[in-house]
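Q:
Numbering (this note's numbering), first residue to last: 263 to 516.
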């Protein structure tokens with residue numbers, strides 16, 4: 263039995279509404295995903311900016327450390343033990359100087375704080391004693407006291423800034439010197455391992471060389487012509503001397 267045209271249209275409209283609702287739901291999901299993606303991208307950008315800011319803020323320190331690493335790796339530790347000791351002594355002297363400056367600043371801050379407290383007490387006492395005087399004199403006293411307090415706070419701020427600068431220098435110096443020590447320790451360890459390896463290889467080489475030379479000399483004994491025998495023997499001795507001289511020079515270099 264065929265459906266009426268109106269029924270077919272109603273059915274199609276209902277299906278169309280269902281599809282519209284599904285599309286709207288999917289559009290909402292897609293919009294939420296796009297919003298989440300934008301948030302994540304924004305977070306990544308903020309992290310990138312923070313990392314770049316950190317790199318920029320610490321660029322000078324990183325340059326100092328990288329420059330120090332580059333200079334140290336180009337030096338031969340064995341040949342520059344004296345200079346290494348001198349560099350270590352200079353580092354120690356620099357640290358001592360910074361600590362001394364830091365202690366001096368601490369003492370100045372203590373004195374300023376102490377004198378500031380004493381001045382506050384004396385100011386309060388003066389205000390109490392002058393309380394019965396005229397209001398104009400009292401106002402002048404308070405104004406002069408405020409000016410002294412401002413000067414005192416200016417001095418405290420100045421020395422506080424100098425104190426913080428000294429603390430930062432101490433921190434940077436510690437980082438640089440500790441990095442230098444780590445690099446020097448690693449280089450010495452690598453060098454010792456290399457020398458042990460070379461020493462073992464040299465022993466094997468000398469043994470094999472002696473065996474080969476002994477064998478060649480034994481072959482020279484079988485040569486019939488005396489002249490050829492002497493010639494080859496001399497050649498072999500010269501070669502042997504050259505090789506041993508080279509080994510001694512090589513050993514002396516390390």
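The beta-carbon is built from N, C-alpha and C at its ideal position, and this holds for glycine as well.
Given the structure is predicted, the values throughout are model-derived calculations rather than measurements.
Quick check: what's the CA-CA separation for residue 504 versus residue 452?
A: What you label residue 504 is simply residue 242 of the chain shown in a count that begins at 1. What you label residue 452 is simply residue 190 of the chain shown in a count that begins at 1. In a straight line, the C-alpha of residue 504 is about 30 Å away from that of residue 452.
Q: Measure how close the beta-carbons of residue 461 and residue 509 come, nearest whole angstrom, since I'm counting them as under 8 Å.
A: Within the chain shown, residue 461 is the residue found at index 199, counting from 1. Within the chain shown, residue 509 is the residue found at index 247, counting from 1. At roughly 11 Å, the Cβ-Cβ gap does not stay under 8 Å, so residue 461 and residue 509 are not in contact.
Q: Please tell me whether residue 478 and residue 498 are closer than 8 Å, where the distance is taken between their beta carbons.
A: To locate residue 478, count along the chain shown from 1; it is residue 216. To locate residue 498, count along the chain shown from 1; it is residue 236. Result yes, Cβ atoms of residue 478 and residue 498 sit closer than 8 Å.
Q: When you compare the CB positions of residue 502 and residue 481, do they come within less than 8 Å of one another, or not?
A: Working through the chain shown from its first residue, we reach residue 502 at position 240. Working through the chain shown from its first residue, we reach residue 481 at position 219. No; because the gap between Cβ atoms is not below 8 Å, this pair is not in contact.
Q: What does the Cβ neighbour count give for residue 389, buried or exposed, with the cut at 16 atoms within 10 Å?
A: On the chain shown, residue 389 is found 127 positions in, with the first residue counted as 1. Confidence in residue 389 is poor, its pLDDT being 47 and thus under 50, which makes the residue's placement too unreliable to answer from.
Q: Under a three-way DSSP split, which group does residue 452 fall into?
A: Taking the first residue of the chain shown as 1, we reach residue 452 at position 190. Residue 452: helix per DSSP, three-state reduction.
Q: In whole angstroms, give me the CA-to-CA distance for residue 500 and residue 493.
A: Along the chain shown, read from residue 1 onward, the residue named residue 500 stands at position 238. Along the chain shown, read from residue 1 onward, the residue named residue 493 stands at position 231. The straight-line gap from Cα to Cα measures roughly 11 Å.
Q: To the nearest angstrom, how far is it from the Cα of residue 521 to the Cα of residue 276?
A: The requested residue 521 does not occur in the structure, where the chain is confined to residues 263 to 516.
Q: Under 6 Å Cβ to Cβ from residue 507, same chain only, skipping five residues before and after it: list those, please.
A: As a first step, residue 507 is located in the chain shown; it is residue number 245 there, counting from the start. Cβ within range, chain order: n/a, list empty.
Q: Under a three-way DSSP split, which group does residue 487 fall into?
A: Taking the chain shown and counting its residues from 1, the one referred to as residue 487 is at position 225. If DSSP states are grouped into helix, strand and coil, residue 487 belongs with coil.
Q: Taking buried to mean at least 16 other C-beta atoms within 10 Å of its own C-beta, is residue 442 buried or exposed?
A: Against the chain shown, residue 442 aligns to sequence position 180. The residue is buried, with at least 16 neighbouring Cβ atoms inside 10 Å.
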